[in-house]
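The next block holds one structure in the form of structure tokens; read it before the comments.
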Amino acid sequence: MSRPGPSDTRSGAATTVGAVQRWYGLDDIPADLGPTVVTLGNFDGVHRGHREVLTRVVREAADRDALPVAVTFEPHPIAVLYPDRAPAAVMSLEQRLDALEAVGLNAVLVLEFTPEFAQQTPEEFVRGTFVDALGACAVVVGKDTRFGVRNSGDVDTLRELGGAHGFDVVALDDIGEGATEGARWSSTQLRAELLGGNVDHATQILGRPHRVTGTVVHGDHRGRELGYPTANLSQDHEGLVPADGVYAGWLVRLDLAEGAPDRTLPAAVSVGTNPTFDGHQRRVEAYVLDRTDLDLYGERVAVEFVSHLRPTLRFETIDSLVEQMAQDVARCREILSAIVPS
Numbered sequence: 001m002s003r004p005g006p007s008d009t010r011s012g013a014a015t016t017v018g019a020v021q022r023w024y025g026l027d028d029i030p031a032d033l034g035p036t037v038v039t040l041g042n043f044d045g046v047h048r049g050h051r052e053v054l055t056r057v058v059r060e061a062a063d064r065d066a067l068p069v070a071v072t073f074e075p076h077p078i079a080v081l082y083p084d085r086a087p088a089a090v091m092s093l094e095q096r097l098d099a100l101e102a103v104g105l106n107a108v109l110v111l112e113f114t115p116e117f118a119q120q121t122p123e124e125f126v127r128g129t130f131v132d133a134l135g136a137c138a139v140v141v142g143k144d145t146r147f148g149v150r151n152s153g154d155v156d157t158l159r160e161l162g163g164a165h166g167f168d169v170v171a172l173d174d175i176g177e178g179a180t181e182g183a184r185w186s187s188t189q190l191r192a193e194l195l196g197g198n199v200d201h202a203t204q205i206l207g208r209p210h211r212v213t214g215t216v217v218h219g220d221h222r223g224r225e226l227g228y229p230t231a232n233l234s235q236d237h238e239g240l241v242p243a244d245g246v247y248a249g250w251l252v253r254l255d256l257a258e259g260a261p262d263r264t265l266p267a268a269v270s271v272g273t274n275p276t277f278d279g280h281q282r283r284v285e286a287y288v289l290d291r292t293d294l295d296l297y298g299e300r301v302a303v304e305f306v307s308h309l310r311p312t313l314r315f316e317t318i319d320s321l322v323e324q325m326a327q328d329v330a331r332c333r334e335i336l337s338a339i340v341p342s
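Going by UniProt numbering, the sequence shown opens with residue 1, and the numbers climb by one from there.
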């Protein structure tokens, strides 16, 4: 199903996925919504720290007989305010919404972040979004939350506004440690681990393997000629691609139902430009272990990254490349045989 983008805020643009509503602007919110418990953030990656906050939102909503709602922004505020400093997105908006919905929310509100939107005072934002549009009875945030023009609002500001407008504020401490000792679970740390190829550390932060999704397209067919046919992801794939290298991972066939045979398959994953053949286009491709019977062209798939094996190398001969590929596959088989896929 095609979904409206964040700039499409006309009435009727909302969509429902399962029991979860997606609102692409304040005009999409039903007038008879009832009380809500709300949180806000970019939620890039929807990592373990995010999910702790979101789980608390769901629990608070159940205790208060209210609806749990997350408010997020598109594009990332830094991309609008300081384009030269914009971080690479760990997830596309669609991936982010899917991950948010899996937590148990009733709805997700996507607000288009523009220079004009950024000029709202903390009072204007809270009154317009939390109070008038969402009828919040409680707001759950991390203690480092900032909002409003020039990030002038903080948790103390939110508490003052809550007192004035009749909602409670639940402020949570930083939660968990990331891939390095003393580091919290954060999108910044997650991004750094992926760009460094440290996908096992990224998994610790996410609580699940990082995935890149796309449609399988035709490549150069060299893998098939060498005995290792690969599924090449289209260049419009979604999700931050880790550093060039070879990884053990999973190929998930998203067009198949959950639990269907052959939905989740063990794979050796390559990211890079294929330097042995003087390639120039960076690609993500996956060889499903010990399978040459699959026709995946045109399918929507996710490639999940479990463990980094080695960097991308240029081989002097085809024989040495094939020998290394055999070693890579054997190592992937060893790693993945001990893991239950996510």
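A virtual CB, placed ideally from N, CA and C, is assigned to each residue, including glycine. Only a predicted model underlies this, so the values are computations on that prediction, with no experimental measurement involved.
query: Check this for me: beta carbons of V69 and G214, under 9 angstroms apart or not?; result: no
query: Which partner residues of T157 appear in the DSSP bridge assignment?; result: In the DSSP output, where bridge partners are listed per residue, T157 has none listed.
query: Can you name the start and end residues of the alpha helix (DSSP H) that L111 belongs to?; result: Premise fails: L111 lies in the beta strand (DSSP E), A107 to E112, not in any alpha helix (DSSP H).
query: Here's the rule: buried if 16 or more other CB atoms are within 10 angstroms of the residue's CB, otherwise exposed. What is R314?; result: exposed
query: On the DSSP bridge list, what partners appear for L233?; result: V216
query: I need the straight-line Cα distance from P35 to A102, nearest angstrom please.; result: 21 angstroms
query: Considering E101, what are the terminal residues of the alpha helix (DSSP H) in which it resides?; result: L93 to E101
query: Distance, Cα to Cα, F73 vs F117?; result: 11 angstroms
query: Report the start-end ranges of each beta strand (DSSP E) in the UniProt domain "Riboflavin kinase" (205-337) that is 3 residues or longer and not cut off at the edges.; result: 210-217, 231-233, 245-253, 264-272, 283-288 and 300-310
query: Considering Cα atoms alone, identify which of P75, F43, D278 and A107 is closest to I29.; result: A107
query: So R127 packs on H165, CB below 8 angstroms; how close in whole Å?; result: 7 angstroms
query: In the DSSP assignment, what residue or residues form a beta bridge with E74?; result: E112
query: What three-state label does DSSP hand L172 in the structure shown?; result: strand
query: Assuming W23 and L97 are in contact, meaning their beta carbons sit under 8 angstroms apart, how far apart are those beta carbons, in whole angstroms?; result: Going by Cβ atoms, the distance from W23 to L97 rounds to 11 angstroms, so no, they are not a contact pair.
query: Between the region 119-139 and the region 79-86, can you find at least three pairs of beta-carbon atoms closer than 8 angstroms?; result: no
query: For the region 33-92, list the beta strand (DSSP E) runs that are entirely contained and at least 3 residues long, ordered along the chain.; result: 36-40 and 67-74
query: Quick one: grab the DSSP three-state call for V20.; result: strand
query: Let me check one thing: in DSSP terms, what residues is G142 bridge-paired to?; result: L172
query: Using the rule of at least 16 other Cβ atoms within 10 Å of the residue's Cβ for burial, across every protein chain shown, is T180 buried or exposed?; result: Annotation note: pLDDT 46 at T180 (below 50); position unreliable, coordinate value reported separately. Exposed is the call here.
query: Measuring straight from C-alpha to C-alpha, what distance separates L265 and L289?; result: 8 angstroms
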